[in-house]
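Residue 93 in the numbering used here sits at position 93 of the sequence shown, and the numbers go up by one each step.
Have a look at the structure below, then the notes.
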Amino acid sequence: MKYGLFFVLSSLLWNQIYTCTTPLGQRSQCISLYDCPPLLAAFEQRPLSSAYLRFLKLSQCGFDGITPQVCCGPLGQPPETSTPQSSRPVWPATNTESNSNSGEIDPVNSEDSAPAPRDQCGIDYSDRIFGGQITDLDEFPWMALLGYRTRSGNVSYQCGGVLINSRYVLTAAHCVTGQIEQQVGSLVTVRLGEYDTQQDVDCDRSTCAPRPQDIAAAGGYPHPGYSDKNINRQDDIALVRLARRVRLSDYVKPICLTTTDAELDVGDSAFVAGWGRTLSGKKSPVKLKLGLPIFDKNDCLNKYRPLGAELSEKQLCAGGAYAQDSCKGDSGGPLMRKLSNGIWETIGVVSFGNGCGRDGWPGVYTSVASYDDWIRSTMRSTNK
Ligand code: 4AZ
């Protein structure tokens, strides 16, 4: 499908950034489609409606190698409509078919400036017993996969994250900035409602889940204190704003953020989930989960100090048993706990470790409680 569109768009050859006029008559810049969130979001809709296709064609201003260049601006109804029929507008905010996948780019909604309200997050109706590794189809419906545009033009999913309201995903700073950009590519898309990455449609014995939702990443906001150079990975936390609101369902729901006063004791059980590397050394195609105990902070400090990683008060340690750990690919995903009222909250973000699953070596997690203010203020300032 994508190559089909590349072909349609390939009528012009142009590879420099230059100013151009969008189909809506605005002056803008001719840049890569992958650097233009509103048009990328339209491009990634499946099925791709003929209206979006037409708008994308009108927006195209060149080609850089195999990458279409677009005159980047908001989607809208272009002035001269040569398409017959349909007097009904099909462009953003006017498409009210709730189940359609034609995916308008939503206007800013002030509800998205804060984490989901406490009565609307962390709800998981699945009732499987922990200890098994494979999750239920509808378990941990807040899990997100972060996709990066590689040099070859493909999307590679390399990090996890959690949905915290209809428009924001919480992840690790090292999943949105630094080495990952050189080693993998830039973050371009977020997948929600995924279960088995090798199946188009995921089903269990009785039901099938809707297809996953792929939404362009409109912005990645790493904590300003994060630096790749810090071996202790302090402030390894980030928010990703989606180019449109996700459709919530049984398979796509936000998780709660832990409240700042929540105490954690050594040995308390916590859980990680994701599609990261398993003992086999390969990334798991299926969403996995694992129960882990909170690890003593002082013991953890003493373990990591000789490696030059001085852990701070804003980090948590969990795990430490052989082969019971998060690993590469789980980064950015959550360390979670289930409260006695059945509500799930995220207490940590998968950050780093000394390898994976080594006996006596817990994984290190960014403590979400320590960043409550930063999360809220960043959501307020970026939801524009
Ligand atoms: C990684 O490389 C990674 N065991 C993530 C988490 C852990 C180790 C490595 C923690 O992304």
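Cβ atoms here follow ideal geometry from the backbone N, Cα and C, with glycine treated the same way.
Computed from a prediction, not measured in an experiment: that's the story for all the values here.
Limits of the beta strand (DSSP E) - the one that residue i falls within
| i | result |
| --- | --- |
| Ser186 | 186 to 192 |
| Arg380 | Arg380 -> not in any beta strand (DSSP E); alpha helix (DSSP H) instead, spanning 372 to 382. |
| Ser367 | 362 to 367 |
| Gln198 | Careful: Gln198 lies outside any beta strand (DSSP E) and carries neither H nor E. |
| Val272 | 269 to 274 |
| Gly76 | Looking at the DSSP string, Gly76 is not in any beta strand (DSSP E), and its letter there is neither H nor E. |
| Arg241 | 238 to 242 |
| Val169 | 168 to 171 |
| Leu316 | 315 to 319 |
Residues that residue i bridges to, as DSSP identifies them
| i | result |
| --- | --- |
| Met143 | Val162 |
| Pro285 | For Pro285, which the question treats as bridged, DSSP gives no partner whatsoever. |
| Ala216 | Thr189 |
| Gln120 | Answer by DSSP bridge pairing: none, since Gln120 is not bridged. |
| Val155 | Arg149 |
| Tyr34 | Tyr34 is not bridged to any residue. |
| Trp344 | Lys338 |
| Ala209 | Answer by DSSP bridge pairing: none, since Ala209 is not bridged. |
| Thr21 | Arg27 |
| Ser351 | DSSP, once it has assigned bridges, lists no residue as partnering Ser351. |
| Pro254 | Pro254 pairs with nothing; no bridge assigned. |
| Arg277 | Lys283 |
| Leu292 | Ala270 |
| Tyr322 | Tyr322 is not bridged to any residue. |
Cut-off 7 Å between Cβ atoms - residues of its own chain near residue i, not counting five sequence neighbours on either side
| i | result |
| --- | --- |
| Leu257 | Pro115, Ile164, Glu345, Thr346, Val368, Asp372, Ile375 |
| Gly178 | Asp228 |
| Val246 | Leu163, Ser166, Leu192, Gln213, Ile215, Val252 |
| Leu305 | Going by the sequence as given, residue 305 is Arg instead of Leu. None. |
| Ser86 | Because Ser86 sits at a pLDDT of 28, beneath the cut-off of 50, its placement in the model cannot be relied upon, and the following sentence gives the value as read from the coordinates. None. |
| Ser59 | Thr22, Pro23, Leu39, Val70, Cys71 |
| Gly320 | Phe295, Gly360, Trp361, Pro362 |
| Asn99 | Note on Asn99: pLDDT 31, under 50, position unreliable in the model; the coordinate value appears next. So the list is empty, once near-sequence residues are dropped. |
Close-in-space but distant-in-sequence residues of the same chain around residue i (CB under 6 Å, 5 per side omitted)
| i | result |
| --- | --- |
| Pro285 | Asp196, Thr197, Gln198 |
| Leu264 | Ile294 |
| Ile134 | Val286 |
| Leu145 | Tyr157, Arg191, Glu194 |
| Asp359 | Tyr322 |
| Phe352 | Arg233, Val364 |
| Pro222 | Ala173, Val176, Thr177, Ala238 |
| Gly160 | Gly274, Asp330, Gly332, Gly333 |
Own chain residues within Cβ distance below 8 Å of residue i, not counting five before or after
| i | result |
| --- | --- |
| Ala243 | Pro37, Pro38, Leu40, Ala41, Ile105, Ile215, Ala216, Ala217, Ala218 |
| Ser28 | Thr19, Cys20, Thr21, Thr22, Cys71, Cys72, Gly73 |
| Thr81 | At Thr81, the pLDDT of 39 sits below 50, so the modelled position is not reliable; the number obtained from the coordinates is stated separately. Cβ within range, chain order: n/a, list empty. |
| Val349 | Leu170, Thr171, Ala172, Asp236, Ile237, Gly332, Gly333, Pro334, Leu335, Tyr365, Thr366, Val368 |
| Asp250 | Tyr125, Asp138, Pro141, Ala209 |
| Asp428 | Examination of residue 428 is not possible in this model, given that the chain is present from 1 through 384 alone. |
| Arg277 | Lys283, Ser284, Cys327, Lys328, Gly329, Asp330, Cys356 |
| Val155 | Gly147, Tyr148, Arg149, Val188, Thr189 |
| Ser312 | Asn232, Gln234 |
| Leu279 | Ala323, Gly357 |
| Glu310 | Asn232, Leu301, Tyr304 |
Residue span of the alpha helix (DSSP H) that contains residue i, given as start and end
| i | result |
| --- | --- |
| Gln182 | 179 to 183 |
| Arg304 | Note that residue 304 is Tyr in the sequence shown here, rather than Arg. Segment 297 to 304, the alpha helix (DSSP H) holding Tyr304. |
* Touch check for the region 272 to 282 and the region 315 to 328: three-plus C-beta pairs under 8 Å? -> yes
* **Closer than 6 Å: residues whose CB approaches a heavy atom of the ligand 4AZ** => Asp325, Ser326, Cys327, Lys328, Asp330, Ser331, Val350, Phe352, Gly353, Cys356, Gly363
* Asked: Do the region 169 to 184 and the region 219 to 239 make contact, defined as three or more Cβ pairs closer than 8 Å?
  -> yes
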